[in-house]
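Chemist:
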Amino acid sequence: MNPDAHATREAAYTPYHPAWYRPHMSVFWWLHKGPYAWFVLREMTSVFVAYFAVLLILQLRALAEGPEAHARFLSRLASPGFVVLDTIALFFVVFHAVTWFNLAPTAMVVRLRGARVPDWAIAAANYAAWLVLSLAVAWLLTRG
Amino acid sequence: MGEADVRAVDVDRPRSPHVAARLPPGVRARRPWAPLLWALFSAGGTIAALLYPVHLLFTGLAFPQGWLALPGHDALLGLARHPLSRVYLFVLIAVPLFHWAHRFRYTLYDGLQLKHLARPIAALCYGAAVVGTVLAAYTIWRL
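First to last, the protein sequences are chains R and E.
According to the numbering used here, the first sequence is numbered sequentially starting from -8.
According to the numbering used here, the second sequence is numbered sequentially starting from 1080.
Rendered as C-alpha cells:
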C-alpha cells in the first residue's frame, strides 16, 4: 500500500517518529542551587504543621482522659527525643510563618481609595496580627 | 450541545468560583475542586502561621520543660470545654491539615518526580486530612 495515499486522508502518517529528548533529572535537583534548597525547605514546613496538628489531637485526648493521662502526656513530651523534635518543629513553623507573611503582599492585593496598599504595609499588618494573637494565646494559657 | 463541544479549562485560585460562575456556555472547569482545595490551603497556611508558633512553644517546650507552671488540669479542661474554645480548637487542627495535604502533595510531585502517581498521592494526602478532621471533631466532642 502506498503510504502517501493514507497520509492525504488522515495527515497523521509519520514514518520516522522523532525520539523525545528528555534529559534525566536527579531526585536531588533541589540541592544544586541555594534558592531551590530554600524552596524545598519551605515546602517541608507543612510536614511539621501536620505533626503539630496530630500532637494537638493527642493532647486533647489525654486531657479528656484525666489528670494522670495528661501528666503522662506532658512527661513524655519532656523526654529528650520530643524536645529535639519539638525544637526542630518550632524552627520550621516559625520559618513557615515568616515566609507566609512575606508572601502575603503578593497573594493579597488590597486597594484603598483607588490606590494599592504598599507591600510593606500588608506584611506589617500580618506581623502585627501574629504578635497580638500570640500574646492573646499566651495570656489565655498562663493566666489559670 | 454535545459533550464533545464542551471545552475544559483550568480554573485555580480563590477568585475562581466567580470566574467559574461566569464561564461562557460550552466551557467547564477541568478540576472543579481546585478552587476549594486552594482556599483551604491558603486559610490553613494563615492559621498555622499566626497560631502554631505560640502553641508549639507552650505545648512542646515551655510546659513540659517547666519553664512555666501549667494551669491545673481542671482549669485547662474548663478552658478547652468552652463552646468558643471547641470551635477554635477544631479550626486550629482541621484547616491546617488541609494546608499540609495540599502542599505536601505538590512537594511529592516536584521533589520526588512522582507525577505518574498523581491520583494516589492526592487521594492519600486529602484522605489523611479528612481522617484527621474526623478524629479532631470526635476528640473535641468528647472533651
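Heads up, the beta-carbon is just placed ideally off N, CA and C, and yes, glycines get one too.
Using 10 angstroms around the beta-carbon of Glu34(R), count the other beta-carbons present and answer buried if the total reaches 16, otherwise exposed.
Modeler: As a working mapping, residue 34(R) is identified with position 43 in the first sequence. With 16 or more other Cβ atoms within 10 Å, it is buried.
Chemist: Pull up the DSSP beta-bridge partners for Arg107(R), would you.
Modeler: Position 116 of the first sequence, counting from 1, holds the residue named residue 107(R). Note: Arg107(R) sits in a beta bridge opposite Arg102(R).
Chemist: Can you round the beta-carbon distance between Arg1182(E) and Ile1219(E) to whole angstroms, since I take them to be within the 8 Å contact cut?
Modeler: Walking along the second sequence from the start, residue 1182(E) turns up at place 103. Walking along the second sequence from the start, residue 1219(E) turns up at place 140. 24 Å between Cβ atoms; not a contact.
Chemist: Could you tell me whether any non-hydrogen atom of the ligand NAP is closer than 7 Å to the CB of Phe1137(E)?
Modeler: The ligand NAP is not among the ligands present in this structure, which contains no ligands whatsoever.
Chemist: What's the gap between the Cα of Ala129(R) and the Cα of His15(R)?
Modeler: Residue 129(R) sits at position 138 when you count from the first residue of the first sequence. Residue 15(R) sits at position 24 when you count from the first residue of the first sequence. Distance between the alpha carbons of Ala129(R) and His15(R): 50 Å.
Chemist: Three or more C-beta pairs closer than 8 Å, one from the stretch 1118 to 1138 of chain E and one from the stretch 1192 to 1202 of chain E: is that the case here?
Modeler: no
Chemist: Confirm, please, whether the CB-CB distance from Val84(R) to Phe30(R) is below 8 Å.
Modeler: In the first sequence, counting from the first residue as 1, residue 30(R) sits at position 39. In the first sequence, counting from the first residue as 1, residue 84(R) sits at position 93. Not in contact: Phe30(R) and Val84(R) (Cβ atoms no closer than 8 Å).
Chemist: Under a CB-based cut-off of 8 Å, is Trp21(R) close to chain E?
Modeler: Within the first sequence, the letter at position 30 stands for residue 21(R). It does: the Cβ of Trp21(R) has a partner Cβ on chain E nearer than 8 Å.
Chemist: When burial is assigned at 16 or more other CB atoms within 10 Å of the CB, is Gln50(R) buried or exposed?
Modeler: For the purposes of this step, residue 50(R) is taken as the residue at position 59 of the first sequence. It is buried - the Cβ of Gln50(R) has at least 16 other Cβ atoms within 10 Å.
Chemist: In the structure shown, what three-state DSSP assignment does Arg52(R) receive?
Modeler: As a position in the first sequence, residue 52(R) is number 61, starting the count at 1. Looking at Arg52(R) - three-state DSSP - the assignment turns out to be helix.
Chemist: Quick one: is Gly1123(E) buried, meaning 16 or more other Cβ sit within 10 Å of its Cβ, or exposed?
Modeler: Position 44 of the second sequence holds residue 1123(E). By the 10 Å Cβ count, Gly1123(E) comes out buried.
Chemist: Are Ala1159(E) and Leu1222(E) close, meaning C-beta to C-beta below 8 Å?
Modeler: Mapped onto the second sequence, residue 1159(E) falls at position 80. Mapped onto the second sequence, residue 1222(E) falls at position 143. It is a contact, given that the beta carbons lie within the stated cut-off.
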